[in-house]
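A.B. asks:
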Amino acid sequence: MRTLILASAALLGVAAVSQAAITPLDSSSFSKKFEMTTAGPSELDPTANTSEWTAHVDTVYGATASLSGGYLEYDSTVNAALSDYWKSVTAPALLTNAAGGTVEVRVRLDSVAAVNEANKAFGIVMGDGTTYGALTISLDSVAFAGAGTLTSVDNTDGYHVFRMARDAGSSKYSVWRDGVLIGGDMDGVSTGSSMLYFGDGSGGYGSKGSVDYFRFTAGGYSPAVPEPASLSLLALGLLAIRRRK
Ligand SMILES: [Ca+2]
């Protein structure tokens, strides 16, 4: 009986760090996938508008963006007032409040303009016309609008995967980094706009980085891979069971 109770406690521990209403889906199954391999009408062209993306790169003032080896390399550090960002044409009709929405990016941050050393770097904004969630990935932290800093962590040591999801009919957002939940059921910011942006979003960012892919899909989905935190809890539960024997 004692073993049963402990096993149940271990399972409850796993459930506590997962999202009950959001089911897992690997981003390889998302309906919209931009792998940064080839520019074209249905892809992301770094500096030109396509049927999928509106591109904003301050090339006149020296910012750059290009595809290289399957990555989008962007750099707007030449002037802290410059911005490189991309706005989805198709997302507003897809990521409605009724449907929910999930976005995932694999990105590495390299640097920010000196004047913005402690400022923001790379952003994702997903809005459904009711609310929007704004994720800011900085060199050493991850923040969510309204919730503040979710975690302090190095985002320059390699590529990391960031996911933001909003369940169907919900105004609550959850965020994962490398498959680990770092912010759950957070309130979005009220807005009248349906939108999806990513990149070095607005005035004063001035960052340099590399994007492996950007993917999104209708519906709210958690990462398909087991969360390390869950595995640790499960391991602790099993260890407790073994010690009781
Ligand atoms: Ca890629």
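Sequential numbering from 6 applies to the sequence shown in the numbering used here.
C-beta atoms are modelled at their ideal positions from N, C-alpha and C, and glycine is treated no differently.
Since the model is a prediction, treat every value here as computed from it, not as a measurement.
Which residues have a Cβ closer than 7 Å to any heavy atom of ligand 1, listed in chain order?
C.D. replies: Glu40, Met41, Thr42, Gly75, Tyr76, Asp217 and Tyr218
A.B. asks: Mind the definition here: the region 105–113 touches the region 217–229 only if three or more C-beta pairs lie below 8 Å; say whether that holds.
C.D. replies: yes
A.B. asks: Please report how far the alpha carbon of Phe149 lies from the alpha carbon of Asp31, in whole angstroms.
C.D. replies: In the sequence shown, residue 149 corresponds to position 144, counting from 1. In the sequence shown, residue 31 corresponds to position 26, counting from 1. Their backbone Cα atoms lie some 22 Å apart in a straight line.
A.B. asks: Exposed or buried, which one is Thr141 when buried takes at least 16 other CB atoms within 10 Å?
C.D. replies: Counting from 1 along the sequence shown, the entry for residue 141 is found at position 136. Thr141 comes out buried.
A.B. asks: If you draw a straight line from the alpha carbon of Pro51 to that of Arg168, how long is it in whole angstroms?
C.D. replies: Taking the sequence shown and counting its residues from 1, one reaches residue 51 at position 46. Taking the sequence shown and counting its residues from 1, one reaches residue 168 at position 163. Taking the straight line joining both Cα atoms gives about 22 Å.
A.B. asks: Let me confirm a value: Pro228 is counted as buried when at least 16 other C-beta atoms fall within 10 Å, else exposed. Which label applies?
C.D. replies: Translated into the one-based positions of the sequence shown, residue 228 becomes position 223. Looking at its Cβ environment, which holds 16 or more other Cβ atoms inside 10 Å, Pro228 is buried.
A.B. asks: Helix, strand or coil, according to DSSP, for Thr64 in the structure here?
C.D. replies: On the sequence shown, position 59 is the one that residue 64 refers to. In this structure, Thr64 counts as helix in the three-state DSSP scheme.
A.B. asks: Determine the contact status of Thr82 and Ser56, defining contact as a CB-CB distance below 8 Å.
C.D. replies: One-based indexing of the sequence shown puts residue 82 at position 77. One-based indexing of the sequence shown puts residue 56 at position 51. Their beta carbons are not under 8 Å apart, which means Thr82 does not touch Ser56 by this criterion.
A.B. asks: Determine, for Val130, whether the minimum Cβ-Cβ distance to residues of chain C falls below 8 Å.
C.D. replies: Going by chain labels, chain C is absent from the structure shown, which holds only one protein chain.
A.B. asks: Nearest-angstrom Cα distance between Asn121 and Asn84?
C.D. replies: Translated into the one-based positions of the sequence shown, residue 121 becomes position 116. Translated into the one-based positions of the sequence shown, residue 84 becomes position 79. Taking the straight line from one Cα to the other gives about 10 Å.
A.B. asks: What whole-angstrom Cβ distance do Gly214 and Tyr79 have, given they're in contact under 8 Å?
C.D. replies: Taking the sequence shown and counting its residues from 1, one reaches residue 214 at position 209. Taking the sequence shown and counting its residues from 1, one reaches residue 79 at position 74. Right, their Cβ atoms sit about 6 Å apart.
A.B. asks: Leaving out five residues before and five after Thr196 in sequence, what residues of the same chain have Cβ atoms less than 8 Å from its Cβ?
C.D. replies: One-based indexing of the sequence shown puts residue 196 at position 191. Excluding residues within five positions, the ones whose Cβ falls inside 8 Å are Gly132, Gly134, Thr135, Thr136 and Tyr137.
A.B. asks: Relative to the C-alpha of Lys38, which candidate in Gly193, Ala96, Ala119 and Val158 has its C-alpha closest?
C.D. replies: Residue 38 sits at position 33 when you count from the first residue of the sequence shown. Checking every option, the nearest Cα to that of Lys38 belongs to Ala96.
A.B. asks: Quick check on DSSP: helix, strand or coil for Ser33?
C.D. replies: Sequence index remark: in the sequence shown, residue 33 carries index 28 (1-based). Note: Ser33 maps to helix in three-state DSSP.
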